[in-house]
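Engineer:
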Amino acid sequence: MRHGKDKRESKGERRLNEWGHLTEASKSRWEDNAGYWDDYMGEMSNRWHRELIRPATERLLSVQEGQMVLDIACGNGNFSRRLVELGANVVAFDYSPTMIERAERRSQAYADRIEFKVADATSRDDWERLAAEGPFDGAVSNMALMDIADIAPLVQALRQCLKPHGTFVFSIPHPCFRPPGARQAYETEDREGEVVSRSVVHIAQYATPGSYEAIGIQGQPVPHYMFHRSLSSYIRLFGSSGFVLDGMEEPTFRKDEGGGLGKFEWDEIPPVLVMRFKRDACATTD
1 MRHGKDKRES KGERRLNEWG HLTEASKSRW EDNAGYWDDY MGEMSNRWHR ELIRPATERL
61 LSVQEGQMVL DIACGNGNFS RRLVELGANV VAFDYSPTMI ERAERRSQAY ADRIEFKVAD
121 ATSRDDWERL AAEGPFDGAV SNMALMDIAD IAPLVQALRQ CLKPHGTFVF SIPHPCFRPP
181 GARQAYETED REGEVVSRSV VHIAQYATPG SYEAIGIQGQ PVPHYMFHRS LSSYIRLFGS
241 SGFVLDGMEE PTFRKDEGGG LGKFEWDEIP PVLVMRFKRD ACATTD
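Using UniProt numbering, you'd call the opening residue of the sequence shown number 1 and step up by one each time.
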């Protein structure tokens with residue numbers, strides 16, 4: 001089967017290509033925030049990662065002993081170290097030098113199994129150097145693609161970096177329920193003589209791609225840029241580079257264990273999306 005790139009470009013896809021001018025500003029802001037984020041995440045990361053992101057990612061990635069895995073936008077190396085515990089050898093990179101310095105410091109006991117690099121996922125030159133470290137059995141990126149202005153170089157490069165049938169697993173804030181401007185509310189209703197409480201999300205934008213400033217952790221030095229893409233835009237982009245979506249999870253918090261963080265309960269509405277794309281060894285791209 002031949003997978004060719006559709007030469008027709010939708011209005012939304014054209015907008016996706018307009019964010020390149022924010023790449024350097026985005027990198028600068030993450031460098032400013034790196035130390036604060038590392039201190040906050042620490043050795044074990046936060047509850048979102050421990051209870052939602054990590055378990056789903058591990059299931060979809062299904063690491064086998066001795067595999068080579070590429071950790072994209074690795075932050076302070078929390079998941080890189082977990083990959084080693086699962087049996088992998090890891091090449092991990094981030095475009096923040098401070099993050100990589102912190103990751104190396106935290107990962108000294110894993111130094112023989114993790115190679116950390118400063119690299120930019122939007123740079124084709126950096127991807128050429130990363131490809132020389134492969135080929136990789138799998139690649140992973142936890143809660144990072146929404147922070148990268150241009151993910152086209154990443155998607156295209158993964159085809160060269162991964163082995164035939166290699167997989168890429170990534171997590172992002174769920175684009176359907178956490179798009180720009182989404183409002184979370186906790187409502188009560190008198191329903192037939194009984195007071196019922198529920199968590200709801202109000203959204204006014206989904207289909208239109210958008211860039212916006214956000215605060216991921218209260219108190220971080222500066223807001224960082226985030227880039228909203230619809231589900232279909234991710235699927236089209238990976239499909240055009242010879243990947244097939246073959247796994248997806250929408251984890252939620254368990255209501256009997258608190259249901260979420262704070263008053264809002266993410267037990268029925270999934271706050272994150274984890275997707276697995278497999279390289280189609282038979283596909284060709286234009």
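Using N, Cα and C, we set each Cβ at its ideal position, and we do this for glycine too.
Bear in mind the structure is a predicted one, so any value in this text is a computation, not a measurement.
If we count the other Cβ atoms within 10 Å of its Cβ and call it buried at 16 or more, is P271 buried or exposed?
Structural biologist: Translated into the one-based positions of the sequence shown, residue 271 becomes position 271. So P271 ends up on the buried side.
Engineer: So, is G242 buried or exposed, given that buried needs 16 or more other C-beta atoms within 10 angstroms?
Structural biologist: What you label residue 242 is simply residue 242 of the sequence shown in a count that begins at 1. Result: buried.
Engineer: If the criterion is Cβ atoms closer than 8 Å, does the pair Y110 and R81 meet it?
Structural biologist: Within the sequence shown, the letter at position 110 stands for residue 110. Within the sequence shown, the letter at position 81 stands for residue 81. A contact, by the Cβ cut-off of 8 Å.
Engineer: Using a Cβ-Cβ cut-off of 7 Å (strictly less than) and excluding sequence neighbours within five positions of A185, which residues of its own chain qualify?
Structural biologist: Here the question's residue 185 lines up with position 185 in the sequence shown. Taken in chain order, the residues that qualify are V200 and H202.
Engineer: Taking the alpha carbon of A131 as the point to measure from, which residue in P97, L158 and A144 has its own alpha carbon closest?
Structural biologist: Here residue 131 corresponds to residue number 131 of the sequence shown, with the count starting at 1. It is L158.
Engineer: Would you grab the beta carbon distance between V274 and I53 for me? Rounded to a whole angstrom, and I think it's under 8 Å.
Structural biologist: Within the sequence shown, residue 274 is the residue found at index 274, counting from 1. Within the sequence shown, residue 53 is the residue found at index 53, counting from 1. So it is a contact: roughly 7 Å between Cβ atoms.
Engineer: For the beta strand (DSSP E) holding R198, just list the boundary residues, first then last.
Structural biologist: For the purposes of this step, residue 198 is identified with residue 198 of the sequence shown, where counting begins at 1. Residues E194 to H202.
Engineer: Am I right that Y36 and I148 are in contact with their C-beta atoms under 8 Å? What's the rounded C-beta distance?
Structural biologist: For this step, residue 36 is matched to residue 36 along the sequence shown. For this step, residue 148 is matched to residue 148 along the sequence shown. The Cβ separation is near 20 Å, so there is no contact.
Engineer: For D280, does the three-state DSSP call read helix, strand or coil?
Structural biologist: Within the sequence shown, the letter at position 280 stands for residue 280. Residue state, collapsed to three classes: coil.
Engineer: Is the separation between the beta-carbon of W48 and that of F227 shorter than 8 Å?
Structural biologist: For the purposes of this step, residue 48 is identified with residue 48 of the sequence shown, where counting begins at 1. For the purposes of this step, residue 227 is identified with residue 227 of the sequence shown, where counting begins at 1. Contact: no.
Engineer: With a threshold of 6 Å on Cβ separation, who are the neighbours of A56 within its own chain once the five nearest residues in sequence on each side are excluded?
Structural biologist: One-based indexing of the sequence shown puts residue 56 at position 56. Answer for A56: E249, P251 and V274, listed in chain order.
Engineer: Residue ranges of each alpha helix (DSSP H) run of no fewer than 4 residues wholly in the UniProt domain "Methyltransferase" (69–166), ordered along the chain?
Structural biologist: Within the UniProt domain "Methyltransferase" (69–166), the complete alpha helix (DSSP H) runs of at least 4 residues are 78–85, 97–106, 124–131 and 152–161.
Engineer: So, are the CB atoms of E187 and R198 less than 8 Å apart?
Structural biologist: On the sequence shown, residue 187 is found 187 positions in, with the first residue counted as 1. On the sequence shown, residue 198 is found 198 positions in, with the first residue counted as 1. Yes, Cβ-Cβ distance for E187 and R198 is below 8 Å.
Engineer: Rounded to whole angstroms, what's the CA-CA distance from L83 to F168? Just pull it up for me.
Structural biologist: Along the sequence shown, one-based indexing puts residue 83 at 83. Along the sequence shown, one-based indexing puts residue 168 at 168. Rounded to whole angstroms, L83 to F168 spans 14 Å at the Cα level.
Engineer: Name the two residues that bound the continuous beta strand (DSSP E) containing D38.
Structural biologist: What you label residue 38 is simply residue 38 of the sequence shown in a count that begins at 1. Unbroken run through D38 is the alpha helix (DSSP H), T23 to M41; no beta strand (DSSP E).
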